[in-house]
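Protein chains in written order, with the working numbering: chain A, -19 to 518; chain B, 6 to 105; chain C, 102 to 276; chain D, 67 to 697.
Ideal placement from N, C-alpha and C gives every residue a C-beta, glycine not left out.
Worksheet: the structure to be examined is printed underneath.
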Amino acid sequence: MFDAALLNIVVYLPLGGIALLLAAPAGQDAFVRRLTLGLMTLQLALVAWLYLRFDPTVAGLQFETRLPWIASWGVHYQIGLDGYNVLLVLMTAFLGPLVVAGAFTAIRKDVKLFYSMVLLIQFAMLGTFVAQDLFLFYVFWETMLIPMFLMIGIWGGERRIYATIKFFLYTAFGSILMLAAVIYLVLSLQSTTGITSFAFADLYRSQLPLDVQCILLAAFGLSFAIKVPMVPLHTWLPDAHVEAPTAGSVILAGVLLKMGTYGFMKLGFPLFPDATLAFTPAIMFLAVVSIVYGACVALVQTDIKKIIAYSSISHLGYVMLGLVSLNLYGIQGAVIQMVSHGLTAAGLFLMVGMIYERCHTRELADYGGLAKLLPVYSVFFAILTLASIGLPTTSGFTGEFLVLLGAFGAAWQQYELGSTLPLALASVAVSGVVLGALYMLWFAQRFLFGAAKAPHQPFGDLDLRERAILGIIVAAVFVLGLFPDEPMRKTELAAKQFQQLVGTSRTGVRAAGEPGRGPAASENGAPRFARAGTGSAP
Amino acid sequence: MDKIQVLLALSVALFAVGLLGVVIRRNMLVMLMCMELMLNGVNLSLVTFSHQLGSTVGAVLVFLIFVVATAEIAIAIPIVLMLVRQKHTLDLNAFTSLKG
Amino acid sequence: MIESLLQHLDTLLLYVFAACALVGAVLMLVLRQPMRVAMALISTMVFLGGIYGLLGVHFIAAFQVLIYVGAVMVFMVYVIMLLEIRESAGMARYSALVVPGVVATALFVGALGYGVWHGYPALIRAAAGTRFGIHQFSISFLTEYWLHFELTSVLLVAAVVAALAVIKVSRRAHG
Amino acid sequence: MKHALTLIVLLPLVGFLLNGFLATRFGGNRVGKGFVTALACGLPIAAFLLTVACLVRLQEAGYQPLVDTAYTWALIGGRSFEIAFYFDRLTAVMTLIVTGVGSLIHVYSAGYMKEDESYARYFAYLNLFLFFMLLLVLGRSLLVLFVGWEGVGLASYLLIGFWFEDPEKAAAGKKAFIVNRIGDAGFLLGMFLLYQTVGTLDMDRINAAFNGATLPAVSASLVGILLFIGATGKSAQIPLYVWLPDAMAGPTPVSALIHAATMVTAGVYLVARLSGIYLHAPEASALVAGIGAATAFFAATIALVQTDIKKVLAYSTVSQLGLMFVALGVGAYGVAIFHVTTHAFFKACLFLGAGSVIHALSGEQDILKMGGLARKIPVTFVTFAIATAAIAGIPPLAGFFSKDEILWFSFASARGGSTFLWLVASAASLMTSFYMFRLLWLTFFGASRMSHEVEHHVHESPLSMTGVLAVLALLSAVGGFLALPHFLEPMLPLPAVVPALHHHERTLIGIAIALAFTGLAAAVFLYGGGARRAAALRGRFPLAHGLLLGKYFVDEAYDFLVSRPLLWLSDRVFLRLGDRVLLDGTLNGLAAWAQRTAGSLSRIQTGNLQLYAFLALAGVVAALVWTWAHV
């Protein structure tokens, strides 16, 4: 009970913070900064407490709040933590104070408004993660858009208007489709079962024919795929990143992109399992294309931020690949990869912000030999770069390894049943690790090594604040790389539930509760391959 | 044609004449007054129906329309005053800043 | 004769008032001077008030005269008097849309009339319901429609604030 | 001492962390060089001693493998990935090489890098390398091995690019890492395949599964080939050997430790460790042998004409590694490990000797600008000469024994030995002997070709360096008597020999000895007396010489066939055509179209209020008419 209240407090703390900020007198920028940092730290402390209290042996929601909201539509205010979101909530709260501290010196214009926006987006992101009711989810989902839009639009770079409009159009387009699908889904649930509800748990029981599932998955999926972003819906991301202020980039890469993959995991796939089954080769293909495409394009970028932006596309491709592998390795790996990318991309964007504050350029060609000029900076940069390409002992390795293991396992089972395409795709994905090393190391080489050069010299190495921010991120990266077991305990039951939900046909024709596993599927194997063998039609 | 029909016809006529006045008269004040006429036409139909059906709903609506009309004039008149102060004319054709 | 006349006096008066109201309305279209237009509108409103009285809804008749004629139109007349002196005399009376406007209005009336007369004949039959007075009106207003009633006050306050704001903005803009 | 194995691994890590933090700019240079040296050299030595203690314990336990589970890395669906260490005969040999040679090279580095301003950073990296290398050899599961595998790649990357201000050196580090990653992709695939079909990554269990009654439902050759791809990357075999010669950009002790003695033998170790798979994979074994022989031969030909002292040694390493793979390919796993051991001794000695020469000549690496050094730096010369003789296969030095066994089994093994394989390997040995003595001659004998300035500064290295050289030279001399194949035989049995060929053994030994001396004689003949004969020979075959000097232009071919198409594809097709033209172009086109349409529609907005009112009126009329007409 107390913990459930605490979860609500965590979510609404940023809103209270905005009220406090708006009440603060003008011109008190330092106070505003410290206040926001304090709030975010408090929030992190509360989330950490909840994380520790989270019982990994309990399936389903914990710290749940469920109140009627719009009774006539069956809308509830329902939030809670489960294995799907607990790590992501922790990561979001973890990045909060770092984002705030990272923007201490970078933001000088409209400080109060800026931090209000940071708090607002924090509120919306946490709300999206903890929402367990589709209506509530949608409200939070849309709320996220506004502060991000303003952040890029007000504090962005030169082409910020173009970038914001592009960002907005892409995401709004996806959202509209999702809204239509949400309405259809709820109405069809009502007509088939007589329940009017937006609760995820009820919607998981909906029974839809395959063609309808396909259309709805396409609508949901488009919205999520734009957020991820998957190739070919990705072109908003590099522009948004380049124009966004550092804090915006960090939030965008760190958390916002995970909304897409989280959406697939929590909604897209479990709601429409049969359509997921039908689309799996296509999704897998797109995921692999994202991995390769993002990596290749990152290779030829000249703007530091764009390199990291395209690398994000590549890394999120792994997450999608893990999810569609539909076995525990892939799913768990996907979750870890999400968190890992949240840490490394956030760290890298923060570091780009730090160098930008010193040199006022993001052109890679203007830099060289920073290892000589900024030795401490370079160490952090190298660590984060290597974590990003999945070097063992870092979090990136845990994620990539498990994802690839899962994807390969699924593909191999498919191969034994006579289909070679998934195996080919999985092999290409594995070779994605080469491309990852290629662009990141080339980037690091041109950036850190060679003859020392950088505009606006001299400048100091990282100060204590910057070292603290990066030190915390790097520590988290190593913890997740060396001891991933503890966090994965918390998500394991959710991963199993996901596997079971997606593995259970819901066309309404197949007998309910049939696990759908054939003889070839091992204990951890992907059920869908076994089913593909016995034929998905009854 | 009995009483009710006559009154309904009158309300239609008043509304139409008011609308026509808004479309063809160029003086802004006259246009405002024509709008009042349209409201009066609507009021008449409401009162008529209310009378015919013996329901108070129509009367309540009429009452609300009074309030709306008052509010409308209270805002419209200052706007007109402001516009006149700007261009020194009541001619509507002088105001085309909404041109796309 | 006279008896029957007296018997139908209210009906007769109704027709006369209706005709006068229509004439006043049409005059609004043709008169040039805004002051005269205002007078025509006032007369139309007064006749409408008479019609309401004849229909037995006296309180609305009273409001019609009090609010429309007493408040709104007085305000209007005041503004006309304020602005008349600056008005250029050579201003055209009609816009370029006279002909299409008239045609469209005629079509509008035709369509409306046709639809109502042929589509919903039951609607326009003679009275069947019970009469009601200020008593019933007040009861239903303050019980059933109390929220709407209260909201009107909010609307009025908003209008006042808006009017003030408009004046203030124009003052600031002009110095 | 339950966690002795974990401790062995962790000791260098402690060194890395302390040196990396305290002694670099990062922690504010809080300690001096003395402390750095003590820490950096002391911890590997401690690890070495601990390894010896473990070996003793292993012996006491009757060679029952020691297992030390550190912790569970992940537990997924009831299957756990454990960080566990495994100590058996093979591990013992490898760990002793890594910690032993590693400690020696640490000590040597203390002298070699004395003047470098990034002294502490160097030792931090070196300790980091040792940590990952120990993970690699001690890991029980392929996962731990892979962590070490990638980790040594990282350390190698950092150390090759140690002097990162030179863009070429930084690029060499990058190249090494990326080429290794290509191999790693194959490794990963093999690992996944194993996990999928065997259900575990523990290598002892994998071997047991393949040696068991029912074979796992997967082609052993497929797994073997995939893992071998990883090995070709790490152990610099065709087609992924191109990084190793470039890796000589790093400090010379690094070349000795990483690119000769330990890291590059990881591929050999991997194949030997998973011999259970290869025993059931004749195709994969044939491929291993074939690639090994080809690499041994081609690398040796390139080494014939190189003039950079370290490049010669690098190609020699590639060639020797090829020989080890020949041994692996014919099933003589113990022999390959034997050669790994002896090679670690003499190649480390050669590299460190080369380092001493370079140190003496203030950084000069071109053997054409050396000569006559024998008397000026005698300790270096003597040790270098012993190691050269060892690698050339002059009996009774270490290289003779291990190489002879490789040649014998490549000829006579019942698991794929053949005369052709033996011929290629022998040719490689002949060339090895030739180019090594050529190197020795050009460096230490003849007239000095040094500039006066350099010659003036020539000096013998300090004791910390020469002492190490002496130890390694001693090991190179006597290492052949270790009889490692015999030691390993209970674990890695030697292949059966085709009985009909048994009587050729003595003949072959004779041929091997003859080849070694032929190489020596040829080198002395060509390069003695001012190398005039060599020049004449070069003049007669300019094309062949150019081809060899250009290393068969493999780098250029890769650049032309792989790098450029990739960049072209990324830039032209993906970025410009895909992103800018197709995606953004479509989007911008749509936006422009919408804007044009809106522009033409906006003409209706005349600003005339009455027109709007009229349009509204017309709309209402239309709506009414439509309604009446349809309802």
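Distance between residue j and residue i (C-alpha atoms, nearest Å)
{"i": "V235/A", "j": "S292/A", "result": "12 Å"}
{"i": "S222/D", "j": "V414/A", "result": "17 Å"}
{"i": "Y336/A", "j": "D346/A", "result": "11 Å"}
{"i": "E41/B", "j": "L15/A", "result": "55 Å"}
{"i": "A70/D", "j": "F151/D", "result": "10 Å"}
{"i": "H109/C", "j": "L130/C", "result": "32 Å"}
{"i": "M502/D", "j": "K241/D", "result": "27 Å"}
{"i": "K92/A", "j": "A89/D", "result": "42 Å"}
{"i": "T41/D", "j": "D312/D", "result": "An answer regarding residue 41/D cannot be provided, because it is not within the stretch 67 to 697 covered by chain D."}
{"i": "P435/A", "j": "L481/A", "result": "55 Å"}
{"i": "A314/A", "j": "P250/A", "result": "15 Å"}
{"i": "I284/A", "j": "G440/A", "result": "20 Å"}
{"i": "L74/D", "j": "A106/D", "result": "The identity of residue 74/D in the sequence shown is Ile, whereas the question assumes Leu. Whole-angstrom Cα-Cα distance: 14 Å."}
{"i": "L379/D", "j": "G421/D", "result": "11 Å"}
{"i": "F74/A", "j": "V686/D", "result": "58 Å"}
{"i": "L24/B", "j": "I156/A", "result": "38 Å"}
{"i": "H340/A", "j": "P438/A", "result": "13 Å"}
Same chain, Cβ closer than 6 Å to residue i, five either side skipped, listed in chain order
{"i": "L97/B", "result": "R31 and M33"}
{"i": "E494/A", "result": "Annotation note: pLDDT 38 at E494/A (below 50); position unreliable, coordinate value reported separately. Correct list: empty, nothing qualifies."}
{"i": "A492/A", "result": "Caution is warranted here: a pLDDT of 39 is assigned to A492/A, below 50, making its placement in the model unreliable, and no coordinate value can be reported."}
{"i": "V138/C", "result": "M129 and L132"}
{"i": "V490/D", "result": "A359 and F363"}
{"i": "P209/A", "result": "L217"}
Same chain only: Cβ atoms within 8 Å of residue i, ignoring 5 sequence neighbours per side
{"i": "A158/D", "result": "T117, C120, L121 and L124"}
Beta-carbon proximity of residue i to residue j, cut-off 8 Å
{"i": "T532/D", "j": "M436/D", "result": "no"}
{"i": "V222/A", "j": "G137/A", "result": "yes"}
{"i": "V47/B", "j": "C39/B", "result": "no"}
{"i": "V(-9)/A", "j": "G60/A", "result": "no"}
{"i": "A275/A", "j": "Y419/A", "result": "yes"}
{"i": "V67/B", "j": "I181/C", "result": "no"}
{"i": "A479/D", "j": "A578/D", "result": "For clarity, residue 479/D is Ser in the given sequence; the question names Ala instead. Not closer than 8 Å, so no."}
{"i": "W215/D", "j": "F253/D", "result": "yes"}
{"i": "I343/D", "j": "V392/D", "result": "no"}
{"i": "M468/A", "j": "Q312/A", "result": "yes"}
{"i": "P5/A", "j": "L99/A", "result": "no"}
{"i": "Q112/A", "j": "L41/A", "result": "yes"}
Presumed contact (8 Å Cβ cut-off) between residue i and residue j, rounded CB distance
{"i": "A76/B", "j": "L256/C", "result": "6 Å"}
{"i": "L308/A", "j": "G143/D", "result": "4 Å"}
{"i": "M557/D", "j": "D154/D", "result": "6 Å"}
{"i": "V304/A", "j": "I363/A", "result": "Contact flag wrong, Cβ pair sits at about 31 Å."}
Residues near residue i in its chain [Cβ-Cβ closer than 7 Å; skip 5 each side]
{"i": "L197/A", "result": "G248, F252, A255, T256 and F259"}
{"i": "A431/A", "result": "G348 and G349"}
{"i": "A409/A", "result": "V268, I271, L301, L384 and A387"}
Complete runs of the alpha helix (DSSP H) confined to the region 373 to 421 of chain D [at least 4 residues]: Unbroken alpha helix (DSSP H) runs of no fewer than 4 residues, entirely contained in the region 373 to 421 of chain D, are found at 375 to 395, following chain order.
Completely contained alpha helix (DSSP H) runs for the region 220 to 284 of chain D, where each covers 4 or more residues: The region 220 to 284 of chain D contains these whole alpha helix (DSSP H) runs: 233 to 264 and 269 to 277.
Segments assigned beta strand (DSSP E), at least 3 residues, entirely inside the region 191 to 223 of chain D: Complete beta strand (DSSP E) runs here, min 3: none at all.
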